[in-house]
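Novice: Positions 14 to 244 (the working numbering) are the ones given, in order, by the sequence shown.
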Amino acid sequence: LARDIRLALAQLSMQAIHPHPARVLLWTSADDTDVTALQRILGLEVACTPRPAPVLPATLSKLLPADVRAARRAATKRRNLVAGIAAAAVLYLGLIGWFGFGIWSDHREAKRLTAEAEALAPDAAAYAVHNAKWQELLPVVDLGNAPVDILYRIATRIPPGLRLKNAEISADEIKLQGEAQQLQAVNNFSLGITKHNELTRFTWETPEPNQSSRGWEFVYSGEIPSSEPQP
């Protein structure tokens, strides 16, 4: 024991630690331990006492062996990896559920709209027939197609010195015969009816007037182009 103590003191001295022990405390459970020889060899007071129970410090040391630290790092890495995989799986399943719900909602909405369209099909067919009949009656019920209204528009373009001898007017065709003493009056009338905003839907034919003993005679015609070729 004395040799072990001396070796320990020598190792401390080699590390620049120079302790100066005042006594030696020997832990032993024997009551008749003779420490005389140990006192003589060390030259220090030697006291015997039972070995006390270990007392843990209030703050545990954070120093751990290298293998323990490596094992803890590996365990932490595994936990993080498992948590990341679980989060990715939850996100993936959530996206699949969201897209699946969207597809299901769209399919349900499409079925609902299809059912509504089928339910409204008879009404739509009846409306189409009703609208077609109104389109057939449009030339009659539209005041813009009334012969009197068309004649009024033409009359607003008659210059002084020009008179109409005959006017044949329908909703889609006009034929005018007239005369004037001056050629300029005929030309002004031709320009007036072809540029009138409410008469531009007619395609006009205004040939050169013929000179007569009473001045100048003209025959103008206009018609609305048909959207479909006539048989």
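Glycine included, every Cβ here is placed at the ideal spot set by N, Cα and C.
1. Does Asn144 come out as helix, strand or coil in the three-state DSSP assignment?
2. Can you tell me whether Tyr165 is buried or exposed, with buried defined as 16 or more other CB within 10 angstroms of its CB?
3. Note the first and the last residue of the continuous alpha helix (DSSP H) segment covering Gly205.
4. Is it buried or exposed, Trp117, if we count other Cβ atoms within 10 angstroms and call 16 or more buried?
5. Are the beta-carbon atoms of Phe215 and Pro172 separated by less than 8 Å?
6. So which of Asp185, Leu189, Ala168 has the shortest CA-CA distance to Lys178?
7. What is the residue span of the alpha helix (DSSP H) that Leu189 lies within?
8. DSSP on Gln28, reduced to helix/strand/coil?
9. Would you report the Cα separation of Glu131 and Ala137, rounded to the nearest angstrom?
10. By the three-class DSSP mapping on this structure, what secondary structure does Glu149 have?
11. Decide if the segment 87-94 is in contact with the segment 62-72; the criterion is three or more beta carbon pairs, one per stretch, under 8 Å apart.
12. Please give the ranges of any beta strand (DSSP E) in the segment 51-92, keeping only runs that are unbroken, at least 3 residues long and fully inside the region.
13. So, are the CB atoms of Ala180 and Gly228 less than 8 Å apart?
14. Could you check where the alpha helix (DSSP H) with Ala168 kicks off and where it finishes?
15. Under the DSSP definition of a beta bridge, which residues are partnered with Val37?
16. In whole angstroms, what separates the C-alpha of Arg82 from that of Val103?
17. Quick check on Pro242: buried or exposed, where buried means 16 or more other Cβ atoms within 10 Å of its Cβ?
18. Let's test the definition: count the other Cβ atoms within 10 Å of the Cβ of Pro222 and tell me whether it reaches 16, buried, or not, exposed.
19. If you drop the 5 nearest sequence neighbours on each side, which residues of the same chain put their C-beta closer than 7 Å to that of His209?
Specialist: In short, the structure shows the following:
1. In the sequence shown, counting from the first residue as 1, residue 144 sits at position 131. Helix at Asn144.
2. By 1-based counting over the sequence shown, the position of residue 165 is 152. The residue is exposed, with fewer than 16 neighbouring Cβ atoms inside 10 Å.
3. Numbered from its first residue, the sequence shown carries residue 205 at position 192. Unbroken alpha helix (DSSP H) run through Gly205: 196-208.
4. As a position in the sequence shown, residue 117 is number 104, starting the count at 1. With fewer than 16 other Cβ atoms within 10 Å, it is exposed.
5. Numbered from its first residue, the sequence shown carries residue 215 at position 202. Numbered from its first residue, the sequence shown carries residue 172 at position 159. No, the Cβ-Cβ distance between Phe215 and Pro172 is not below 8 Å.
6. To locate residue 178, count along the sequence shown from 1; it is residue 165. Answer by Cα proximity: Leu189.
7. As a first step, residue 189 must be located in the sequence shown, where it is residue number 176. Element bounds for Leu189: not the alpha helix (DSSP H) but the beta strand (DSSP E), 186-193.
8. As a working note, residue 28 is residue 15 in the sequence shown. Note: Gln28 maps to coil in three-state DSSP.
9. By one-based count along the sequence shown, residue 131 stands at place 118. By one-based count along the sequence shown, residue 137 stands at place 124. About 10 Å.
10. For this step, residue 149 is matched to residue 136 along the sequence shown. In the structure shown, Glu149 sits in a helix (DSSP, three-state: H, G or I).
11. no
12. 58-62
13. On the sequence shown, position 167 is the one that residue 180 refers to. On the sequence shown, position 215 is the one that residue 228 refers to. It is not a contact, given that the beta carbons lie outside the stated cut-off.
14. The count along the sequence shown starts at 1 and reaches residue 168 at position 155. That run of the alpha helix (DSSP H) goes 160-168.
15. Residue numbering aside, residue 37 sits at position 24 when the sequence shown is read from its first letter. BP columns for Val37 point to Val59.
16. Within the sequence shown, numbered from 1, the residue matching residue 82 stands at position 69. Within the sequence shown, numbered from 1, the residue matching residue 103 stands at position 90. Approximately 31 Å between the Cα atoms of the pair.
17. Here the question's residue 242 lines up with position 229 in the sequence shown. Reliability fails at Pro242, whose pLDDT of 41 lies under 50, so the model's placement of it is uncertain and no value is given.
18. Looking up residue 222 in the sequence shown gives position 209. Result: buried.
19. Locating residue 209 in the sequence shown gives position 196, counting from the first residue. So the list reads Arg166, Arg170, once near-sequence residues are dropped.
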